[in-house]
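**Student:** Before we start, here is the structure in question, set down as C-alpha cells.
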Amino acid sequence: MTAGWTDDRVGALKKLWLEGQSASQIAKQLGGGVTRNAVIGKVHRLGLSGRAAPSQPARTATTFRTTRPRPAVTTAQTPQPSAPRRLEAVQPKPVQPAAPAPAPIPDLPGTATVMTLGAHMCKWPIGDPSSREFSFCGRRASEGVYCVEHARVAYQPQVRRGSKESGSDLARSLRRYI
DNA sequence: CCCTGATTCGC
DNA sequence: GCGAATCAGG
1 MTAGWTDDRV GALKKLWLEG QSASQIAKQL GGGVTRNAVI GKVHRLGLSG
51 RAAPSQPART ATTFRTTRPR PAVTTAQTPQ PSAPRRLEAV QPKPVQPAAP
101 APAPIPDLPG TATVMTLGAH MCKWPIGDPS SREFSFCGRR ASEGVYCVEH
151 ARVAYQPQVR RGSKESGSDL ARSLRRYI
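Going by the UniProt record's numbering, the first sequence opens with residue 1, and the numbers climb by one from there.
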C-alpha cells in the first residue's frame with residue numbers, strides 16, 4: 001500500500017523538516033516505504049527549502065545556487081529562465097520594545113521568528129510553517145536545538161538503524177538524544 | 001564511501 | 001503530484 005501524502009503525513013514532514021531532520025531521517029521515521037528522494041521531492045513541492053536548523057556541519061553548500069545538471073536531453077524542451085523560487089519574503093520588521101502582548105496564547109507563543117531565532121534558542125516550531133505567524137519556541141536550548149521539554153518530546157523512543165556505533169555514528173547518536 | 005540537499009524528468 | 005535517477009557538494 002503506497003501511502004500517499006496525507007495531511008497527517010505532510011504535517012509531520014513539515015515539522016520534522018523544520019526541526020532540522022535530514023531527508024533520510026524523516027523518510028525513515030515516516031516509514032511507509034518513503035525514500036529520502038520522496039521526502040525531498042515533497043518538501044520542494046510544498047515550497048519549503050531552507051530550514052532553520054541544518055542537520056550536519058559543513059553541508060548544504062548547494063543551497064546557494066549552482067546545480068546546473070545537463071543530462072543531455074534529447075529534446076530541447078522549454079528553456080525555462082530562472083524563476084524566483086526561494087521563499088522567505090521576510091520584511092524588515094524591527095523588534096517591538098515593550099510589547100503589550102496582544103496574543104494571550106496559553107500555549108506560550110514562540111517569540112522567536114526565523115530572523116530573531118538565536119543560535120541557542122529552542123527551535124521547536126509553533127504553528128503552521130507556511131503561515132506568517134509561524135514562530136519558534138525561543139526558550140533557551142539546553143544543549144542541542146531544543147529546550148529540555150521540547151527535546152524530550154522530539155526525541156522519543158527512536159529506534160536506531162544500525163546495530164553498531166562508531167565514528168560518525170556518534171554524531172547521529174548525539175543528535176538523537178540532544 | 002559515507003552523507004547531504006537540488007534538480008530534472010518520466011510516470 | 002509523485003519519486004527514481006541523477007547531479008553537485010562536504
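The beta carbon of each residue, even a glycine, is placed where N, CA and C say it ideally should be. On a predicted model such as this, the values are computed, not experimentally measured, just so you know.
If we count the other Cβ atoms within 10 Å of its Cβ and call it buried at 16 or more, is histidine 44 buried or exposed?
**Tutor:** Numbered from its first residue, the first sequence carries residue 44 at position 44. Histidine 44 is exposed by the Cβ-count criterion.
**Student:** Please state if the CB of lysine 123 and the CB of phenylalanine 136 are separated by a distance shorter than 7 angstroms.
**Tutor:** Numbered from its first residue, the first sequence carries residue 136 at position 136. Numbered from its first residue, the first sequence carries residue 123 at position 123. Cβ atoms of phenylalanine 136 and lysine 123: closer than 7 angstroms.
**Student:** Can you round the beta-carbon distance between glycine 138 and leucine 117 to whole angstroms, since I take them to be within the 8 angstroms contact cut?
**Tutor:** Counting from one through the first sequence, the residue named residue 138 turns up at place 138. Counting from one through the first sequence, the residue named residue 117 turns up at place 117. Confirmed, about 7 angstroms.
**Student:** Identify, in the order they occur along the chain, each residue of the same chain with its Cβ nearer than 6 angstroms to the Cβ of threonine 113, setting aside the five sequence neighbours on each side.
**Tutor:** Walking along the first sequence from the start, residue 113 turns up at place 113. Ser135, listed in sequence order.
**Student:** List the residues that DSSP assigns as beta-bridge partners of serine 135.
**Tutor:** Along the first sequence, read from residue 1 onward, the residue named residue 135 stands at position 135. Answer is Ile126.
**Student:** Going straight from the alpha carbon of glycine 32 to that of glycine 127, what length do you get?
**Tutor:** In the first sequence, counting from the first residue as 1, residue 32 sits at position 32. In the first sequence, counting from the first residue as 1, residue 127 sits at position 127. Distance between the alpha carbons of glycine 32 and glycine 127 is about 25 angstroms.
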